[in-house]
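For what it's worth, my numbering labels the leading residue of the sequence shown as -13, then goes sequentially.
No residue lacks a Cβ here, since even glycine has one placed at the ideal position from N, Cα and C.
Small disclaimer: the values here were computed from a predicted structure and weren't measured.
Have a look at the structure below before the remarks.
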Amino acid sequence: MKLIAIFCLLFFSIFNAQPKETKPEWIKITDGLAFPEGPAWNEDYGLFVSNCYSDWILNINNDVPDTFVVQPTKPANFSKTNGLTFDNNNILYACDFGIGAILTFDIKGNCEVLIEGYEGNKFNRPNDLAFDNKGNLYFTDPKSYGKEMLDGALYKYNLESKSLLQVDNELAFPNGIAFNLDYSQLYVCESAKNRILVYEFDNSGKLKSPNVFVELPGGDPDGLAFDNEGNLYAAHFGGGAVYKIDPDGNIIEKIITPGKKPSNLEFGGKDFKTLFITEDETNAVYKTNWEVEGLKLIR
-13 MKLIAIFCLL FFSIFNAQPK ETKPEWIKIT DGLAFPEGPA WNEDYGLFVS NCYSDWILNI
47 NNDVPDTFVV QPTKPANFSK TNGLTFDNNN ILYACDFGIG AILTFDIKGN CEVLIEGYEG
107 NKFNRPNDLA FDNKGNLYFT DPKSYGKEML DGALYKYNLE SKSLLQVDNE LAFPNGIAFN
167 LDYSQLYVCE SAKNRILVYE FDNSGKLKSP NVFVELPGGD PDGLAFDNEG NLYAAHFGGG
227 AVYKIDPDGN IIEKIITPGK KPSNLEFGGK DFKTLFITED ETNAVYKTNW EVEGLKLIR
């Protein structure tokens, strides 16, 4: 009897540890894209999306897709954009892995190169970016892909002083990036190791060495976003899901996506309860109504 009781206890413990699986109603907004990525929400102008393997950035306003900007005649000032984010002045910041630079676009589509290298060397493949609450820009710069290839970097750029700091340079393909609710922690996907790292700040405001926040099953963690309750959402490229992770690092929900390759995600809409995803198996952008309000970013 004791063995049966122990077996039952173990069985129910394992069962209860499994995350809830949900299949929301995803509405396709547009398709026919070329590896969509980096969705960025703007309350005035809607959603902006990179076409990683194309020459234009998409703008979706009131569910109507349109071209925001097209790469000009070469030599171009932009090539292949990935992660996108806005500042409070409606300036769009973009990672460009084609020319290895961080770019800015005004709302009319005029492009400028912000930064394009560190200590005389070009960036490798800038991937994703996020502002802290003091206006500093953090971004990931992966190079090789492999668990043992620790050559990816994390940078911090101060827009006022124009100073660039390399925060970390031993990462296995750093990817998605996001700050938590009070900006006390920075989360970075280490895709080649299928895990998410968390950096905390010391008393001087510098980032400490990271800790492993969560390890994920199969696939690669890609884009990140927080909800207003402190839960982290990770697009799981190759896994066909978005994982919802609580502040303690527990996977509490597996949100099934329309294809196997969700690349990134963003909260937006009038009430910030619309969850957008970019999906690269179907080369489309989807949205669903969500029960929790997303985190409104302070930049």
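Contact under 8 Å by Cβ, Asn170 with Phe187: What you label residue 170 is simply residue 184 of the sequence shown in a count that begins at 1. What you label residue 187 is simply residue 201 of the sequence shown in a count that begins at 1. Reading off the sequence shown, one finds Ser at residue 170, where the question assumed Asn. Cβ atoms of Ser170 and Phe187: closer than 8 Å.
Residue from Ser195, Pro244, Ser249, Phe34 whose Cα sits closest to the Cα of Pro10: Reading the sequence shown from its first residue, position 24 is the one you call residue 10. When each option's Cα is compared against that of Pro10, the closest is Pro244.
Sorted by chain position, which residues of the same chain lie with C-beta nearer than 8 Å to Ile231's C-beta, five sequence neighbours on each side aside? Working through the sequence shown from its first residue, we reach residue 231 at position 245. Taken in chain order, the residues that qualify are Ile182, Phe199, Val200, Asn217, Leu218, Tyr219, Ala220, Ile237, Ile238.
Is Ser177 helix, strand or coil when you go by DSSP? Here residue 177 refers to the residue found at position 191 of the sequence shown. The answer is helix: DSSP assigns Ser177 an H, G or I state.
With H, G and I counted as helix, E and B as strand and the rest as coil, what does DSSP make of Gly225? If you number the sequence shown from 1, residue 225 lands on position 239. Reduced to three states, the DSSP call for Gly225 is coil.
Measure the alpha-carbon distance for Glu98 versus Thr90 and round it to whole angstroms. Taking the first residue of the sequence shown as position 1, residue 98 is located at position 112. Taking the first residue of the sequence shown as position 1, residue 90 is located at position 104. Going by the C-alpha atoms only, they are around 5 Å apart.
Tell me which residues share the same chain as Asn180 and place their Cβ nearer than 6 Å to its Cβ, disregarding the 5 neighbours each side in the sequence. For this step, residue 180 is matched to residue 194 along the sequence shown. Closer than 6 Å at the Cβ level, and outside the excluded window around Asn180, lie Leu202.
Rounding to the nearest angstrom, what Cα-Cα distance links Ser149 and Glu105 in this structure? Working through the sequence shown from its first residue, we reach residue 149 at position 163. Working through the sequence shown from its first residue, we reach residue 105 at position 119. In a straight line, the C-alpha of Ser149 is about 11 Å away from that of Glu105.
Go to Ser149, then tell me how far its beta strand (DSSP E) extends in each direction, as first and last residue. Sequence index remark: in the sequence shown, residue 149 carries index 163 (1-based). Its beta strand (DSSP E) spans residues 149 to 157.
Roughly how many whole angstroms lie between the Cα atoms of Phe125 and Lys6? Against the sequence shown, residue 125 aligns to sequence position 139. Against the sequence shown, residue 6 aligns to sequence position 20. Taking the straight line from one Cα to the other gives about 32 Å.
Cα-Cα separation, Leu172 to Leu283: For this step, residue 172 is matched to residue 186 along the sequence shown. For this step, residue 283 is matched to residue 297 along the sequence shown. Their Cα atoms are separated by approximately 13 Å.
Of all the beta strand (DSSP E) runs that stay within the bounds of the region 45 to 122, which reach a length of 3 or more residues? 50 to 56, 67 to 72, 78 to 82, 87 to 91, 97 to 101, 115 to 117
Please report the distance separating the alpha-carbon of Asp49 from that of Ile15. Locating residue 49 in the sequence shown gives position 63, counting from the first residue. Locating residue 15 in the sequence shown gives position 29, counting from the first residue. Each residue's Cα considered, the two are about 6 Å apart.
Is DSSP giving Ser36 helix, strand or coil here? Along the sequence shown, one-based indexing puts residue 36 at 50. Reduced to three states, the DSSP call for Ser36 is strand.
Please classify Trp12: does DSSP put it in a helix, a strand, or coil? By 1-based counting over the sequence shown, the position of residue 12 is 26. It is coil, neither helix nor strand.
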